[in-house]
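Contents: one structure, followed by commentary.
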Amino acid sequence: MAAVSAEAPRKRRSKGPFLPAAKRSRPGGSRQLEPGMCGILITCNMNERKCVAEAYSLLGEYGEQLYGPEKFTDHEESRLSGHEEEEEEEEEEDDAEAALKKEVDQIRASTEQKLRRFQSVESGANNVVFIRTLGVEPEKLVHHILKDMHTTKKKKTRVILRMLPVSGTCKAFVEDMKRYSETFFEPWFKSPQKGTFQIVYKARNNSHLSRVKVINELAGVVGHLNPENKVDLNNPEFTIVVEIIKNICCLSVVKDYVLFRKYNLQEVVKSSKVDCQGDTSKTSPEGNLEGATPAVENVESQDKPEDKAKANDSHED
């Protein structure tokens, strides 16, 4: 009798050690920010779940304008609509090993399926959402959104603050960033291409990088690609956005950074008079750097709500 009762708990082993790992490996790829991803980095006002919902709505609306409706295979449509319900039933019927095996089989079967256009992944920082994109040019899409909002002055979000395209990611080590940027910057700055630029830098949950060293190295890469590339602290053609989160570096090169109020969706819908007066006075150098003097803006000035939870963040601006 004692032997029977001793074996009873083993028949329904806890799935805790198995299922979390399986759930993190959903069909569609990694669920956290990592090198090689591109997408859109979004800061928010203390409500990440609402931010994700707003992001899906906004990106879906403008994504359809630029790229047409998103299409799925019949199999994927049924998976997207019924996956969670099926999962609950399966978890009650299968033991831990069977559930894990089924999850692995689904991952393998999905490798040839079309992924979703927009997918939220873990950013690694508080009040920061990262939306991975597929088949989308992040810079083109975000610029299109901001241009429309700037023109119409129609406010479309409540908790989203800034929306920054991320066209490239790499490891957040100076040598990796330098090597990666040599190729990444070519479309904008390699001869015969040229332009005026500034560099905007922000680090979250990272304390090993030197802000000045990173700026010098990236400015040096731009100068090496074409010596005619010049720094403009007031109204540059291009703004190089460097966002460091933990050990990941997110890079983008954007236009109209001053005009669109540092890509802040709350500020861009304000009157043109305020726009014109607000930015040029806030864009100023913070000392001469060896080989270049790119501006490094205090991006906190319009994002103060996101810093209420900055106890876990490391800011080097």
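Each residue of the sequence shown is one higher than the one before, starting from 1 at the first, in UniProt numbering. All C-beta atoms, glycine included, are put in the ideal place defined by N, C-alpha and C.
- Annotation: K213 is outside any beta strand (DSSP E); the continuous alpha helix (DSSP H) that includes it extends over 211 to 225.
- Beta bridge pairing from DSSP links N264 with R162.
- T133 is bridged by DSSP to F118.
- For the set Y67, G60, A125, the Cα lying nearest the Cα of A203 is the one of A125.
- Nearest Cα to F173 within the set V242, Q119, K255: V242.
- Relative to R162, the option among E137, T133, V128 whose CA is nearest is V128.
- Taking 8 Å as the cut-off, the beta carbon of L209 is found no closer than this to the beta carbon of I245.
- Beyond the five residues adjoining it in sequence on each side, V222 comes within less than 7 Å, by CB distance, of F185, F189, F197, N229 in the same chain, given in chain order.
- Judged by their CB atoms, I145 and Y257 are not nearer to each other than the 8 Å cut-off.
- The three-state secondary structure of F238, taken from DSSP, is strand.
- Inter-residue distance for V166 and P227 is about 25 Å (C-alpha atoms, whole angstroms).
- Take the alpha-carbon of Y67 and the one of S120: they are about 19 Å apart.
- Cα atoms of I160 and E54: separation of roughly 7 Å, rounded to the nearest angstrom.
- Distance from the CA of V269 to the CA of R158, rounded to the nearest whole angstrom, comes to 12 Å.
- Y257 sits in coil when the DSSP states are folded into three classes, being neither helix nor strand.
- The beta-carbon separation of R179 and E122, rounded to 26 Å, does not stay under the 8 Å limit for a contact.
- Per the Cβ contact rule, the stretch 32 to 50 is in contact with the stretch 131 to 140 (3 or more Cβ pairs under 8 Å).
- As the crow flies, the alpha-carbon of I42 is around 19 Å from that of I199.
- Taking a C-beta distance under 8 Å as the contact criterion, I248 and L218 do not qualify as a contact pair.
- Annotated three-state conformation of L141 is helix, per DSSP.
- By DSSP's assignment, G124 forms no beta bridge with any residue.
- Bounds of the beta strand (DSSP E) holding Q198 are 196 to 204.
- Sorting K255, V136, R211, S207 by C-alpha distance to the C-alpha of P69 places V136 at the top.
- The C-alpha of G220 lies about 43 Å from the C-alpha of K71.
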